[in-house]
Amino acid sequence: MIHYASVHEQGGRKYQEDFLGVFCQNNFGVFALADGLGGHGLGDLASECVVRYAVEQYVPGCEASEYFQEVFLGGNERLLQIQDQRNDMRSAKTTLVCAVVEEGMLQAAYIGDSRLYYFRQGKIQFCTADHSVPQMLVQAGEIRPDEIRKHPDRNRLLRVLGERDRPIKYQEISPIPLTPGDQILLCTDGFWEYVLEEEMEKDLAKARNPDDWMARMRRKVRRRGFWERQDNYSALGIWIG
10 MIHYASVHEQ GGRKYQEDFL GVFCQNNFGV FALADGLGGH GLGDLASECV VRYAVEQYVP
70 GCEASEYFQE VFLGGNERLL QIQDQRNDMR SAKTTLVCAV VEEGMLQAAY IGDSRLYYFR
130 QGKIQFCTAD HSVPQMLVQA GEIRPDEIRK HPDRNRLLRV LGERDRPIKY QEISPIPLTP
190 GDQILLCTDG FWEYVLEEEM EKDLAKARNP DDWMARMRRK VRRRGFWERQ DNYSALGIWI
250 G
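Start counting the sequence shown at 10; every next residue gets the next number (my numbering).
In structure tokens, the structure reads:
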């Protein structure tokens, strides 16, 4: 059985440009989370559009790679249609992370800097690498991974949905076999910016259930972001029972 809980809050921004969606039934689940770009305009519409599309498109038992191709390329086409309708080619852009849990496997794909973390025995085993300028600097050995959170170029993304002038390069992760007791966390940058990886693990060790885990981390986000005109922040915590 899959259990999950979510956090979805506006923070100190004028617009809520995060969106999340779930379809979960017994041992099967589709989870999607997006962070619209722009600070105003069509980011909220973009994130909602692609998340709804991701959840609606999945057919149990389908080939994961074909599903992700439809979600990211088809979702991008829908954003281009929104841009055309609004005569605004710069807005209606978004990140997206999409995860499928089915038959004891985790399969996922993403674009941008919304992240997926995978935990086993309370420890992080895997985390997606952001499609961002600071992540590129990490890979080049110029900064440490922990310096991404406060880097001045942290919001400069190299890949997003809603692009019409360059290919959509989303990234699939290798399938992960799941066992009871594993956990998955999907979250936007407004969430992971304020919760360190070791704190995710410590809060997980103390948590009684997914709701408790989310509540513990949410308190950190609220407290630390209070004075910084806090971004929207969203997360999905998934427990494999």
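We treat Cβ as the ideally placed atom computed from N, Cα and C, and that holds for glycine.
Confirm, please, whether the CB-CB distance from residue j to residue i is below 8 Å.
{"i": "P143", "j": "R168", "result": "no"}
{"i": "F77", "j": "E181", "result": "yes"}
{"i": "I91", "j": "L54", "result": "yes"}
{"i": "E26", "j": "N241", "result": "yes"}
{"i": "Q192", "j": "G113", "result": "no"}
{"i": "E151", "j": "F37", "result": "no"}
{"i": "V59", "j": "G84", "result": "yes"}
{"i": "Y127", "j": "L115", "result": "yes"}
From the options, pick the residue whose C-alpha is nearest to that of residue i; which is it?
{"i": "A244", "options": "C196, A224, L205", "result": "C196"}
{"i": "R217", "options": "T137, N241, G190, E151", "result": "G190"}
{"i": "K6", "options": "V64, I177, R227, D155", "result": "A query on residue 6 cannot be resolved here, the shown segment of the chain reaching from 10 to 250 and no further."}
{"i": "D198", "options": "R87, S123, C71", "result": "S123"}
{"i": "F32", "options": "A14, G45, G47", "result": "A14"}
{"i": "G21", "options": "M10, V230, E79, Q116", "result": "V230"}
{"i": "R228", "options": "P186, P219, V204, H12", "result": "V204"}
{"i": "L170", "options": "L187, F235, E79, T104", "result": "T104"}
{"i": "V80", "options": "Y179, E202, K159", "result": "Y179"}
How is the beta strand (DSSP E) around residue i delimited, first residue to last?
{"i": "R124", "result": "124-129"}
{"i": "S14", "result": "Residue 14 is actually Ala in this sequence, not Ser. Residues 11-18."}
Are there 16 or more other CB atoms within 10 angstroms of the CB of residue i, so buried, or fewer, so exposed?
{"i": "A118", "result": "buried"}
{"i": "C107", "result": "buried"}
{"i": "S141", "result": "buried"}
{"i": "S74", "result": "exposed"}
{"i": "G52", "result": "buried"}
Quick check on residue i: does DSSP put it in helix, strand or coil?
{"i": "S74", "result": "helix"}
{"i": "F235", "result": "coil"}
{"i": "P275", "result": "The shown model of the chain, from 10 to 250, leaves out residue 275, and the question about it has no answer."}
{"i": "K132", "result": "strand"}
{"i": "E202", "result": "coil"}
{"i": "E111", "result": "strand"}
{"i": "Q192", "result": "strand"}
In terms of residue numbering, what span does the alpha helix (DSSP H) encompassing residue i cover?
{"i": "D162", "result": "Premise fails: D162 is in no alpha helix (DSSP H) and is neither H nor E."}
Less than 8 Å between CB atoms is the rule here; does residue i satisfy it with respect to chain C?
{"i": "D27", "result": "Looking at the structure shown, chain C is missing, and only one protein chain is on hand."}
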